[in-house]
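Peer 1: Chains as they are written, first to last, in UniProt numbering: chain A, 1 to 437; chain B, 1 to 294.
Even glycine gets a Cβ: it sits at the ideal position worked out from N, Cα and C.
Treat the numbers as computed from the prediction; the structure is a model and nothing was measured.
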């Protein structure tokens, strides 16, 4: 029974991971598949990855058919100086003109893409041509380059059509130079000018193989846009909040446990009481306060409060400090140590295990925090990973499940790795936060 | 006051001063302001305008407010006891000397540390009406699963079920509490012929009752504040606002409708609800809580 329960508990994470490494197609199958597979057939001598509907395949097998309907993706390509360039065949009439994606690049400028601003037919190699040179895909600046430094490139990907420096040329080719080239089914959305067809293929020529798409993680990072920024923001916040809360909470916990001053325990009750305050209550006034300070849209609201001790951590560290024998401090006092030195040189080194617990849980809290960043961060470049993931979902959710799960994996994995590295500290920490002591 | 006492007072106060400042600026001042704003019309951009009890009167007639309150209460009423019960049972089972115990503990604990945003993503994918794993599992036993996120009747059960996944924290606390149970109690119970159920009910539950009580209070406080999961899974409150949670409605009022005064009034009510529930749980349970030391 425990085993079944454990499997059920791990199932969501396993499913997240499996989905993350699937080809997009296979997130859309019912019944769901645990092992991502790809299908291929040998087509005129080469292996072509195709799409097969699992249900119709199963139906064909159980009915004893010898063939099943298979979806192919292909392009029409023409040969341009040794390159097979995909073309858009207009009206599906094979002997008319065809559109070809192309752009110019300048050899003299690190092979950067350019847009030609004046006609260049019939001019000599040494003539200057006015062009826009692109730094990135959208930013261009005017320049002059020599004709011989310009080369024409043919674009293979679909994104080429969206680039501002790309253009489509009409070319006329003979029917016999057009070649039908089969491509992997999954590439049909990425590559330019793809077409699909469905036809029956014999069952024995169809092969399936396990297919783990590690590339989905890279694609998820790319599609999330500013993933490196999200990551660095999150890490900055983690470092600042962990440092801030460990230090300040230790100082305050020392004051509440190792020094005996009148009224101490009464005030400590207030510390415990502040743990009860729900965040929604302080949310609006805090927003107003941070707005007055001009902190909205910066990371400050998320880390500055960490330097003022958190009630929970103070409670936890106080419990630990109390277990350290009083005699240690007293001996140091007799030797003339002041409180700060006792704290810094005697108590703090002894409290390392407890400080590790506080650091670990603060790291988790910051890494996982969602509501804080949601309220205080306005600019996409300031987002944390948690907020970035949700932003990604709101843009691409509902369709690209494999990428969404890959992105989720990227957030979950560091936490899991940390857990396995510091498993004992975790369990100790949770027990410490209980009622004992 | 002797010189030594005065010295200890000053250094003690110096050491706790970060917390004092933090509590004043980030807790007490905001609470006071929340109460003040709750009596005003406030949109952050302009100065708050005093409107008396208008926000509170508006709340009484605001159907959405009652809807959000109802959703949150239904959720807490089911999710908190279910999670508590399950984590106690798992803890008891894991407390016995069985093979691979630490592996099991890890399996049950891990979901508790997964970032809530990712938790939301995972569950919305698992509960997908057409492609989800859960509906597929249901078809295997001959049930046609509902459109969880699209059917007002099923959004809350979905959230309640997914909440049971994250029992790791309370489970570890129970495990720690179970260490306090003296072996001899079970041994004498065995001799007296008490079955496992009776032993659980008459020995285990009383001994872990302080932990049970702690987890119950924490569960209630967290339950009525539930924000991230419903917000991530259904940002607009779900079909027919069936998954609009109290904290989500506060957020919407404050940051989407710029109705900060009303949001503060709702927050104050939330605070009172938490205090009330804690007090009630205290009254109800504390009589049955058994403290070994006393």
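Going by DSSP in three states, residue 423(A) sits in which element: helix, strand or coil?
Peer 2: Note: residue 423(A) maps to helix in three-state DSSP.
Peer 1: Which residues of the segment 16 to 28 of chain B have a Cβ closer than 9 Å to any Cβ of chain A? Give them in chain order.
Peer 2: Here the close residues are 16, 17, 18, 19, 20, 21, 22, 23, 25, 26, 27 and 28.
Peer 1: Among the candidates 370(A), 377(A) and 62(A), whose CA atom is the shortest distance from the CA of residue 227(B)?
Peer 2: Minimum Cα distance to residue 227(B) is reached at 370(A).
Peer 1: Name the chain A residues whose beta carbon is nearer than 8 Å to that of residue 125(B)?
Peer 2: Under the 8 Å cutoff, chain A gives 15, 16, 19, 401, 404 and 405.
Peer 1: Can you tell me whether residue 243(B) is helix, strand or coil according to DSSP?
Peer 2: Of the three classes helix, strand and coil, the one that applies to residue 243(B) here is coil, per DSSP.
Peer 1: Excluding sequence positions up to five away, which residues of its chain have a Cβ less than 7 Å from the Cβ of residue 255(A)?
Peer 2: Closer than 7 Å at the Cβ level, and outside the excluded window around residue 255(A), lies no residue.
Peer 1: Using a Cβ-Cβ cut-off of 8 Å, state whether residue 254(A) counts as contacting chain B.
Peer 2: By this cut-off, residue 254(A) is an interface position.
Peer 1: Hey, does residue 308(B) have any beta-carbon neighbour from chain A nearer than 8 Å?
Peer 2: One cannot answer for residue 308(B) here, as it falls past the ends of chain B, which runs 1 to 294.
Peer 1: Residues of chain B with CB closer than 7 Å to the CB of residue 122(A), please, in chain order.
Peer 2: Those do not exist, as residue 122(A) stays about 58 Å from chain B at its closest Cβ, beyond 7 Å.
Peer 1: Over what stretch of residues does the alpha helix (DSSP H) that includes residue 303(A) continue unbroken?
Peer 2: Segment 300 to 303, the alpha helix (DSSP H) holding residue 303(A).
Peer 1: Pick from 156(B), 268(B), 179(B) and 256(B): whose alpha carbon is nearest that of residue 322(B)?
Peer 2: The structure shown does not extend to residue 322(B), since chain B spans only 1 to 294, so no value can be given for it.
Peer 1: Mind the definition here: the segment 190 to 202 of chain A touches the segment 27 to 40 of chain A only if three or more C-beta pairs lie below 8 Å; say whether that holds.
Peer 2: These segments do not touch.
Peer 1: Please find out if some non-hydrogen atom of the ligand NAP comes closer than 7 Å to the beta-carbon of residue 126(B).
Peer 2: With respect to small molecules bound, the structure shown includes none, and the ligand NAP cannot be examined in it.
Peer 1: Quick one: which chain B residues come within Cβ less than 9 Å of residue 365(A)?
Peer 2: Near residue 365(A) there are no residues of chain B at all, since even the closest Cβ is about 10 Å away, more than 9 Å.
Peer 1: Tell whether a beta-carbon distance below 8 Å holds between residue 351(A) and residue 312(A).
Peer 2: No, the Cβ-Cβ distance between residue 351(A) and residue 312(A) is not below 8 Å.
Peer 1: If the criterion is Cβ atoms closer than 8 Å, does the pair residue 48(B) and residue 261(B) meet it?
Peer 2: A contact, by the Cβ cut-off of 8 Å.
Peer 1: From residue 235(B) to residue 119(B), what does the alpha carbon distance come to, in whole angstroms?
Peer 2: Going by the C-alpha atoms only, they are around 15 Å apart.
Peer 1: Please classify residue 109(A): does DSSP put it in a helix, a strand, or coil?
Peer 2: In the structure shown, residue 109(A) sits in a helix (DSSP, three-state: H, G or I).
Peer 1: By alpha-carbon positions, which one of 296(A), 49(A) and 355(A) ends up nearest to residue 242(A)?
Peer 2: With distances taken between Cα atoms, residue 242(A) lies closest to 355(A).
Peer 1: Report the rounded CA-to-CA distance for residue 131(B) versus residue 28(A), giving the unit in angstroms.
Peer 2: Roughly 6 Å between the two C-alpha positions.
Peer 1: What first and last residue would you give for the alpha helix (DSSP H) that runs through residue 58(A)?
Peer 2: Start and end: 54 to 62.
Peer 1: Going along the chain, which residues of its own chain have a beta-carbon closer than 8 Å to the beta-carbon of residue 215(B), five neighbours each way excluded?
Peer 2: Excluding residues within five positions, the ones whose Cβ falls inside 8 Å are 84, 87, 170, 173 and 174.
Peer 1: Skipping 5 residues on each side, what residues in its chain have a beta carbon closer than 7 Å to that of residue 263(B)?
Peer 2: Taken in chain order, the residues that qualify are 250, 253 and 254.
Peer 1: For a contact defined as C-beta to C-beta under 7 Å, what are the partners of residue 274(A) on chain B?
Peer 2: By Cβ distance, chain B contributes 23 and 27.
Peer 1: Could you name the residues of the same chain whose beta carbon sits closer than 6 Å to that of residue 11(B), not counting the 5 residues immediately before and after it, in chain order?
Peer 2: Here the set comprises nothing.
Peer 1: Below 8 Å, how does it come out for the segment 292 to 312 of chain A and the segment 13 to 25 of chain B: are there three or more Cβ pairs, yes or no?
Peer 2: Counting Cβ pairs under 8 Å, three or more are found: they touch.
Peer 1: Quick one: using the 10 Å Cβ neighbour count with 16 as the cut-off for buried, is residue 361(A) buried or exposed?
Peer 2: Buried, because 16 or more other Cβ atoms sit within 10 Å of the Cβ of residue 361(A).
Peer 1: Which chain A residues are close to residue 255(B), counting only those with a beta carbon under 7 Å from its beta carbon?
Peer 2: Those within 7 Å of residue 255(B) in chain A are 375.
Peer 1: Mark residue 211(B) as exposed unless 16 or more other C-beta atoms lie within 10 angstroms of its C-beta, in which case mark it buried.
Peer 2: Residue 211(B) is buried by the Cβ-count criterion.
Peer 1: Please state whether the Cβ-Cβ distance between residue 158(A) and residue 191(A) is less than 8 Å.
Peer 2: Cβ atoms of residue 158(A) and residue 191(A): closer than 8 Å.
Peer 1: Tell me, which residues are paired with residue 146(A) by DSSP?
Peer 2: Partner(s): 128(A).
Peer 1: Which class does residue 99(A) belong to by DSSP, given the choice of helix, strand or coil?
Peer 2: The answer is strand: DSSP assigns residue 99(A) an E or B state.
Peer 1: Looking only at its chain, what residues have a beta carbon closer than 6 Å to the beta carbon of residue 96(B), apart from the 5 residues adjacent to it on each side?
Peer 2: If we look at residue 96(B) and ignore the five residues flanking it on each side, it has no Cβ neighbours.
Peer 1: Closer than 8 Å is the cut-off here; do at least three beta carbon pairs connect the segment 375 to 391 of chain A with the segment 108 to 118 of chain B?
Peer 2: With the cut-off at 8 Å, the segment 375 to 391 of chain A and the segment 108 to 118 of chain B touch.
Peer 1: Taking all protein chains shown into account, decide if residue 338(A) is buried (16 or more other Cβ within 10 angstroms of its Cβ) or exposed.
Peer 2: The residue in question, residue 338(A), is exposed, as its Cβ has fewer than 16 Cβ neighbours within 10 Å.
Peer 1: Would residue 261(A) be called buried (16 or more neighbouring beta carbons within 10 Å of its own) or exposed?
Peer 2: With 16 or more Cβ atoms within 10 Å of its Cβ, residue 261(A) is classed as buried.
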